[in-house]
Each structure stands twice: as structure tokens, then as C-alpha cells.
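K.L.:
Per this note's numbering, numbering of the sequence shown is gapless, rising by one per residue and ending at 106. Using N, Cα and C, we set each Cβ at its ideal position, and we do this for glycine too. After the C-alpha cells below, expect a handful of questions from me.
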Amino acid sequence: MALTQAESAVMASTAARFDQVNSGLQSMLSTLMSELSVLGGAWRGLGATAFEQVKTQYAADLQSLNRALAETAQAIRASGAGYHATDTDAASRVARTGGTFTLPL
């Protein structure tokens with residue numbers, strides 16, 4: 002049987018790290034596209050058309066990556082909260098038993 006262990010604090014910090022990396026990546030890639038866009042003004046004809054198509058696809062891919070990383074961070078946060086709630090509930094149930102029973106071992 003597989004064992005799964007989770008700590009809500011670790012999951013929360015992991016989600017925050019996903020958010021940080023996502024923000025940094027978005028900033029870096031947006032800056033790159035801004036710098037490359039300056040070159041686009043010098044192109045004419047088919048080269049300019051191709052560059053505009055690449056920019057459009059790049060923007061769509063960047064948006065998809067942003068969304069995927071944000072959704073992953075949110076899923077990690079939600080899982081951490083779920084694990085914490087389940088753990089708290091289990092601890093409460095065990096505590097309510099009062100420890101007055103004996104197991105036939």
C-alpha cells in the first residue's frame with residue numbers, strides 16, 4: 002500500500018513558490034518579447050507577417066503557461082487546505098473517544 006504524507010504549510014509555501022516563479026517567468030518572457038518587437042518594425046513583407054504570427058502565437062502560449070502555473074498553485078493550495086481539514090477532523094474524532102476503550106490485541 003502506498004503512503005501519502007502532506008503538510009499544509011509545505012503545500013502553501015510550494016504554491017507560493019509556483020506563484021513567484023510564474024510571476025518572474027511572465028516578466029522575463031514579456032520583456033523578451035518587448036525587446037524583440039523593436040526588431041519587428043524593421044521587417045517588411047512576408048518577414049513582417051511571419052513575425053506578427055509568431056508574436057501572436059507566443060502571446061497565446063505565454064497566456065496558457067501562466068494559466069497552467071496559476072491553476073497548479075491553486076490546486077496545491079486547495080489540496081493543502083483539504084489535507085489540513087481532514088487531519089484536524091480525524092484528530093478531533095480520536096480525541097472525542099476519550100481513550101477509554103481497549104483493543105483486543
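How would you write the range of the alpha helix (DSSP H) that GLY81 sits in, first residue to last?
P.N.:
Stepping through the sequence shown from its first residue, residue 81 is reached at position 80. Segment 46–97, the alpha helix (DSSP H) holding GLY81.
K.L.:
From this set, ASP20, PRO105, GLN58, which residue's C-alpha is nearest ALA71's C-alpha?
P.N.:
Working through the sequence shown from its first residue, we reach residue 71 at position 70. Checking every option, the nearest Cα to that of ALA71 belongs to ASP20.
K.L.:
Leaving out five residues before and five after THR15 in sequence, what residues of the same chain have Cβ atoms less than 6 Å from its Cβ?
P.N.:
Position 14 of the sequence shown, counted from the start, is the residue given in the question as residue 15. Correct list, in chain order: ILE77.
K.L.:
Look at GLY81 and MET12 and say whether their C-beta atoms are less than 8 Å apart.
P.N.:
One-based indexing of the sequence shown puts residue 81 at position 80. One-based indexing of the sequence shown puts residue 12 at position 11. Contact flag set, yes.
K.L.:
Give a yes or no on contact between the region 32–46 and the region 84–102, applying the rule of three or more CB pairs nearer than 8 Å.
P.N.:
As far as the Cβ criterion goes, the region 32–46 does not touch the region 84–102, which means the pair count is below three.
K.L.:
Considering only residues of the same chain and omitting the five flanking positions on each side of VAL55, which have a CB-CB separation below 6 Å?
P.N.:
As a working note, residue 55 is residue 54 in the sequence shown. Hits under 6 Å: none found.
K.L.:
Step through the CB atoms of chain B and report whether any lies within less than 8 Å of the CB of LEU66.
P.N.:
Protein chain content of the structure displayed is limited to a single chain, and chain B is not contained in it.
K.L.:
Which residues in the same chain have their Cβ closer than 7 Å to the Cβ of THR73, if we skip the five residues on either side of it in sequence?
P.N.:
Within the sequence shown, numbered from 1, the residue matching residue 73 stands at position 72. Around THR73: PHE19.
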